[in-house]
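See structure below.
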Amino acid sequence: MANNPLIEKIMGLTEKYQALQAQLADPEVMTDMKKYVQLSKDYKELSPVIKAGMAYKKVVEDIETAKDIIANEKDEELREMAKEELADLEPRVPAMEQEIKLLLIPADPEDEKNAIVEIRGGAGGDEAAIFAGDLFRMYSKYIETKGWKMEVTSSSEGTAGGFKEIVFKVSGDHVYGTLKYECGVHRVQRVPQTETQGRVQTSAASVAVLPEAGEFDIELNMNDIRKDTFCSSGPGGQSVNTTYSAIRLTHIPTGIVVQCQDEKSQLKNFDKALAELRTRIYNMEYQKYLDSISAKRKTMVSTGDRSAKIRTYNYPQSRVTDHRIGYTMYNLPVFMDGAIQEVIDQLIIAENAERLKEAGE
């Protein structure tokens, strides 16, 4: 086979892949859970590029075989079959090479993690809180279509509906790598429910998406954490108000405060709050990484600058516009019903193009 740098890279990675397989089967490695988790992660990350690489290698080999038959075979029928195979295989090569080049670029190590999502009503008072509630419903519908699991950690309802703030955890496959594109300020233009003159107003809500820190990502010293209990607040004077089940945790060295009141069990609220606290501390360091890449990638305005306006929802025009890539759709009711994958796909395509450009610099 002629020199092919891409295949050479794949073969080199195949050796690493096989070595990881051997290590994961080693009983001694299994006793070190932190090491085992990291090796499993490395193995999982390599799997797609090995699979794509092997498929590409076979296509290249088949192309060479077909060319050899065309050049040297005297049987006309075999030569015609080889020509047909060549016509089928050669157009597939550029897309396969593009896919492998993209897979060879190191992915954000956080993409596979679960996510903590926080929606806050911004400028616009009651209407902003109502819009924050609309966004929560939109994400709830989307999460349902993905087969992910959602757990609300804490919420504060708006006086006219919706939420002043709502925090929830999303668990599933590649959650953060998908939802990270939603991070930033979402702007709505519509006639508010509270408006009697029928005037269109602009309000906003902010969305923050944090990769959930795993047990081995950060070690917490419980002596650094102050725990407070308080009565959960709930509508209608429910029994939840009379028990000290809500938990507030304060991380003294950083001043980070989280609380959880969604569960009736104090122990469950504590576990949820601790997981969120771990995530927020971890994200103080992760933010430095986001800042370092936000200048290079317009798609990462979403996470690199959480105060940036990323999307406008215009109800009179039934229009959704994503400002990072200038992408506009005119199906707002469907979009607000959870059909947001199309925009996320466009953002992923744009970011992948930027990553390939970075790799080629």
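Counting from 12, one number per residue, gives the positions in the sequence shown under the numbering used here.
Virtual Cβ for every residue (Gly too), placed ideally from N, Cα, C.
Collapsed DSSP secondary structure at residue i in the structure displayed
i    : result
A118 : coil
N325 : strand
V251 : The pLDDT assigned to V251 is 47, lower than 50, so where the model puts this residue is not dependable, and the model offers no usable value.
A350 : coil
I61  : helix
M311 : Low per-residue confidence applies at M311: pLDDT is 49, beneath 50, and the placement is therefore not dependable enough to give any value.
G160 : The identity of residue 160 in the sequence shown is Lys, whereas the question assumes Gly. K160 falls in the strand class under three-state DSSP.
E129 : strand
D316 : With a pLDDT of only 47 at D316, under the threshold of 50, the placement of this residue in the model should not be trusted; the figure read from the coordinates follows. In the structure shown, D316 sits in coil (DSSP, three-state: anything other than H, G, I, E or B).
P246 : Residue confidence is low: P246 scores 47 on pLDDT, short of 50, so the model does not pin down where it sits. Its coordinate-derived value is still stated next. Here P246 sits in helix by DSSP.
A361 : helix
T265 : coil
A140 : helix
Y341 : coil
Of the listed residues the options, nearest to residue i (C-alpha basis)
i    : options                : result
I336 : N325, L343, E365, S329 : E365
V8   : L50, I154, E138, A171  : Lying outside 12 to 372, the shown extent of the chain, residue 8 is not represented and no answer is given.
R256 : H262, D235, N83, A284  : Before going on, a small fix: residue 256 reads as Ser here, not Arg. Of H262, D235, N83, A284, the residue nearest in Cα terms is A284.
L50  : G172, A30, L146, G266  : A30
Q338 : Q328, T323, G349       : For the record, residue 338 in the displayed sequence is Tyr; it is not Gln. Out of Q328, T323, G349, T323 has the C-alpha closest to the C-alpha of Y338.
D53  : I130, K27, M92         : K27
G136 : I81, W159, Q204, I74   : Q204
For residue j and residue i, believed in contact at Cβ under 8 Å, the rounded distance
i    : j    : result
V220 : C194 : 4 Å
G132 : V196 : Actually they are not in contact, since the Cβ atoms of G132 and V196 sit about 11 Å apart, beyond 8 Å.
I21  : K68  : 6 Å
D122 : G209 : Incorrect: roughly 44 Å between the Cβ atoms, too far for contact.
G349 : T156 : 6 Å
A106 : I141 : The pair is not a contact, with the Cβ atoms about 45 Å apart (cut-off 8 Å).
D333 : L367 : Actually they are not in contact, since the Cβ atoms of D333 and L367 sit about 21 Å apart, beyond 8 Å.
Cβ-Cβ distance between residue i and residue j below 8 Å
i    : j    : result
D235 : I263 : yes
A77  : L57  : no
V128 : V218 : yes
L114 : A63  : yes
E362 : T164 : no
A143 : L190 : no
M168 : F179 : Residue identity check: residue 168 is Glu in the sequence provided, not Met. Against a cut-off of 8 Å, the Cβ pair of F179 and E168 comes out as no contact.
V104 : V48  : no
L89  : I61  : no
I355 : Y192 : yes
Short CB-CB distance (under 8 Å) between residue i and chain C
i   : result
N83 : Checking the listed chains, one finds no chain C in this structure; it contains a single protein chain.
Beta strand (DSSP E) runs wholly inside the stretch 163-238, at least 3 long, in chain order: 174-182, 195-201, 212-222
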